[in-house]
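Colleague: Can you read through this structure? Questions will come right after.
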Amino acid sequence: MAVLLALCASLYCAVFQPVDTQLYSNRYEGDQVLRIIPSSHEEIQLLHQLFHNVTVDLWQPSSTSLIHVGSLVDVHVGQKKTRHLKACLQLAHIHHEVLIPDVQTEMEKQAGSRSSRKRRSEFQYDYEVYHPLEEIQSWMFEMNRTHPHLVDLFSIGRSYEGRPLYVLKLGNRKRLKKKAMWMDCGAHAREWIGPAFCQWFVREVVNSYQHDSSMRRLMNQLNFYIMPVFNVDGYHYSWKTDRFWRKTRSKNHRYYCRGVDANRNWKVKWCDEGASLHPCDDTYCGPFPESEPEVKAVARFLRKHRKHVKAYISIHAYAQMLLYPYSYKYATIPNFNCVETAAQNAVSALYSAFGVRYRYGPASTTLYVSSGSSIDWAYKNGIPYAFAFELRDTGHYGFLLPETLISATCTETTRAVRAIASGLLHKCTS
Ligand SMILES: *[C@@H]1O[C@H](CO)[C@@H](O)[C@H](O)[C@H]1NC(C)=O
Ligand SMILES: *[C@@H]1O[C@H](CO)[C@@H](O)[C@H](O)[C@H]1NC(C)=O
Ligand SMILES: [Zn+2]
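Written out as structure tokens, the structure reads:
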């Protein structure tokens, strides 16, 4: 009965209250997300040509140069081009399927269910919806105000468009010299589950501090630096204008295209394989390393605190993977055994929640080669544990992960991050 009622409510909402039909001015109407699986080098050649002729928004992998035989290629295609693209694929017998038949409809369905959720009390923040930047910032101030003994909020600089770059420091203040863990979310604007997770994690920490002795131990012995929204300008833009924006929003003085990939702009093998020199590409590495004020601010902060910071974590989506260095080359890191063990523990802690499997390993071999990434930079700068999470899902919704999956995704990921943090309390000697 309850299910039926809920169903009716959602129908009512969908049929009679087409909320937000003007979402992003309807710009994604008829757009589709396709999954293409090329099975030969000839097919890959053809895809390169096709994607060149029919500009597409590549969801996975992040650049056409990273397409290999058998890899899953998820592309978001504009309404006018889907017919042509599918016809070409069919002619060439290239295997493909439709992941999202209408991007605009999917987004409106999600926005509809959002507005039909019962409003919680004004003072209770809803962690199971995505929030625009202003709300996340108000939430940070509220956390800072209501938990002065555990939380400290400060800014480490300003974004390209002048927004403060806020970081929350969590930890029991009593002890002075403590190890620390850094975690950033939302380096890529369209990966909305990232900021949702950082907020969820902060709530978990402050709420469980009272009754959970293992959390208390973590907070007594560690400081957590949490940056809920790394790429603030891009995140804001993804809410206001282009839901699938990835990069920062910096201007280029020679090209009309804006933005730099915040995960290709770090000073480590900068702009080599898996990064693009072209400002219009989604993996543009920028005019020089740390050209982006957001990257520069975080790099400066981590350099300054490198003695204490023992773990660096960057939250991304999507692929369901836990990645560690190297990204830019196929080689084994010196402390491989320690890092591999930590990854293994994290992934099995994650699995223990709902049985969701994550692949794990060096980023280069597990996902793809990329240069100028934050985990490689953190590692090279002396942070022994550097991880990038690619959260849910594996492409069914991709960047449009519904809000109904926030809770499960964040619950399991919290277990994984806690496992990594707990590991820092023990010395690894292998
Ligand atoms: C791409 O465009 C070029 C030039 O218009 C054309 O010769 C080529 O056949 C096109 N390739 C595909 C795969 O559409
Ligand atoms: C956070 O709270 C502290 C007091 O506990 C205050 O000094 C600090 O300015 C606050 N941070 C921000 C960004 O307002
Ligand atoms: Zn990402």
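In terms of our numbering, the sequence shown is residues 770 to 1199.
Yeah, the Cβ is synthetic: ideal placement off N, Cα and C, and Gly gets one too.
#1: Under 7 Å from any heavy atom of ligand 3, does the C-beta of ASN1032 make it?
#2: I need the straight-line Cα distance from GLN786 to THR1173, nearest angstrom please.
#3: Which two residues bound the contiguous beta strand (DSSP E) that contains ARG1027?
#4: How big is the Cα-Cα spacing for GLN1089 and VAL1138?
#5: With distances taken between CB atoms, is the gap from GLU973 to THR1183 smaller than 8 Å?
#6: Relative to ligand 2, what is the chain-ordered list of residues with a Cβ closer than 5 Å to any of its non-hydrogen atoms?
#7: What distance in whole Å lies between the Cβ atoms of ILE1082 and MET952, which are believed to be in contact at a cut-off of 8 Å?
#8: Beta strand (DSSP E) containing LYS948: first to last residue?
#9: With H, G and I counted as helix, E and B as strand and the rest as coil, what does DSSP make of GLY963?
#10: Can you check whether the CB of ALA956 is closer than 8 Å to the CB of SER1032?
#11: Could you pull out every unbroken beta strand (DSSP E) segment of at least 3 residues lying fully inside the stretch 1053-1088, listed in chain order?
#12: Can you check whether the CB of TRP1014 is closer than 8 Å to the CB of ARG942?
#13: Could you tell me which of VAL975, MET950 and LEU1193 sits nearest to MET909, measuring between CA atoms?
#14: Check for me: the beta strand (DSSP E) holding ARG1015 runs from which residue to which?
#15: Can you tell me which of LYS1149, GLY926, ILE836 and THR1010 puts its alpha carbon nearest to the alpha carbon of VAL1064?
#16: Quick check on SER1191: does DSSP put it in helix, strand or coil?
#17: In three-state DSSP terms, what is HIS1047?
#18: Quick one: grab the DSSP three-state call for LYS1196.
#19: Which same chain residues, not among the five before or five after PRO1171, have their C-beta less than 8 Å away from its C-beta?
#20: Taking the alpha carbon of VAL998 as the reference point, which residue from THR1180, TYR1006 and LEU991 has its own alpha carbon closest?
#21: Determine which residues share a DSSP beta bridge with GLU866 and list them.
#22: Under a Cβ-count criterion, where at least 16 other Cβ atoms within 10 Å of its own Cβ denotes burial, should ARG804 be classed as buried or exposed?
#23: Within the same chain, show all residues whose beta-carbon is closer than 8 Å to that of LEU1071, passing over the 5 residues directly before and after it, in chain order.
#24: Got a sec? Which residues, its chain only, sit under 7 Å from VAL788 by beta carbon, not counting five neighbours each side?
#25: Please determine if the stretch 827-837 and the stretch 850-867 are in contact, where contact requires at least 3 C-beta pairs separated by less than 8 Å.
#26: Pull up the DSSP beta-bridge partners for GLY993, would you.
#27: By the 10 Å Cβ neighbour count, where 16 or more other Cβ atoms means buried, how is PHE970 classified, buried or exposed?
#28: From what residue to what residue does the alpha helix (DSSP H) around ILE905 run?
#29: On the DSSP bridge list, what partners appear for PHE923?
#30: Please classify GLU1061 as buried or exposed, where buried requires at least 16 other C-beta atoms within 10 Å of its C-beta.
#31: Counting along the chain, where does the alpha helix (DSSP H) carrying PHE1123 start and finish?
#32: Can you say whether LEU773 is buried or exposed, counting buried as having 16 or more other CB atoms within 10 angstroms of its CB?
#33: Following a CB-centred definition, is ALA1118 positioned closer than 7 Å to any heavy atom of ligand 3?
#34: Does DSSP classify VAL872 as helix, strand or coil?
#35: Under 8 Å, do ILE1144 and PRO1103 count as touching if we go by C-beta distance?
#36: Nearest to ILE962 by alpha carbon, out of PRO1056, ALA1086 and LEU816?
Modeller: Reading from the atomic positions:
#1: Look at ASN1032: its beta carbon is less than 7 Å from one of the heavy atoms in ligand 3.
#2: Note that GLN786 scores 42 on pLDDT, short of 50, meaning its location in the model is unreliable; the coordinates nonetheless yield the value given after this. Straight through space, the alpha carbons of THR1173 and GLN786 are spaced by roughly 20 Å.
#3: Premise fails: ARG1027 is in no beta strand (DSSP E) and is neither H nor E.
#4: Roughly 17 Å between the two C-alpha positions.
#5: Yes, the Cβ-Cβ distance between GLU973 and THR1183 is below 8 Å.
#6: Listed by chain position, these are ASN913, PRO917 and LEU922.
#7: The beta carbons of MET952 and ILE1082 sit about 4 Å from each other, so the pair counts as a contact at 8 Å.
#8: LYS948 -> beta strand (DSSP E) spans 948-954.
#9: In the structure shown, GLY963 sits in a helix (DSSP, three-state: H, G or I).
#10: Note that residue 1032 is Asn in the sequence shown, not Ser. It is a contact, given that the beta carbons lie within the stated cut-off.
#11: Within the stretch 1053-1088, the complete beta strand (DSSP E) runs of at least 3 residues fall at 1078-1086.
#12: No, they are not a contact pair.
#13: The option with the nearest alpha carbon to MET909 is VAL975.
#14: First-last for ARG1015: undefined, no H or E at that position.
#15: If we check each option's Cα against that of VAL1064, GLY926 comes out closest.
#16: Here SER1191 sits in helix by DSSP.
#17: When DSSP states are grouped into helix, strand and coil, HIS1047 belongs to the coil group.
#18: LYS1196 falls in the coil class under three-state DSSP.
#19: If we look at PRO1171 and ignore the five residues flanking it on each side, its Cβ neighbours are GLN879 and SER882.
#20: For VAL998, the nearest C-alpha among the options comes from TYR1006.
#21: Secondary-structure assignment with DSSP links GLU866 through a beta bridge to ARG804.
#22: Within a 10 Å sphere around the beta-carbon of ARG804 sit 16 or more other beta-carbons, which makes this residue buried.
#23: Counting only Cβ-Cβ distances below 8 Å, and skipping sequence neighbours, we find TRP951, VAL1078, TYR1081, ALA1147, ASN1150 and ILE1152.
#24: Only weak support is given to the placement of VAL788: the predicted model assigns it a pLDDT of 48, under 50, and the value that follows is read from those uncertain coordinates. Hits under 7 Å: ALA880, GLY881 and SER884.
#25: With contact defined as three or more Cβ pairs closer than 8 Å, the stretch 827-837 and the stretch 850-867 are not in contact.
#26: Before going on, a small fix: residue 993 reads as Phe here, not Gly. Looking at the DSSP output, PHE993 sits in a beta bridge with LEU939 and MET950.
#27: It counts as buried.
#28: 902-915 is the extent of the alpha helix (DSSP H) around ILE905.
#29: Answer by DSSP bridge pairing, in chain order: VAL936.
#30: GLU1061 sits buried, since 16 or more C-beta atoms from the chains shown fall within 10 Å of its C-beta.
#31: Its alpha helix (DSSP H) spans residues 1105-1123.
#32: Since pLDDT at LEU773 reaches only 35, below the 50 mark, its modelled position is unreliable, and the value read off the structure follows with that caveat. When all chains shown are included, LEU773 counts as exposed.
#33: In this structure, ALA1118 has its CB at a distance of at least 7 Å from all heavy atoms of ligand 3.
#34: Here VAL872 sits in helix by DSSP.
#35: The Cβ-Cβ distance between ILE1144 and PRO1103 does not fall below 8 Å.
#36: Restricting attention to PRO1056, ALA1086 and LEU816, the CA atom closest to the CA of ILE962 is found in ALA1086.
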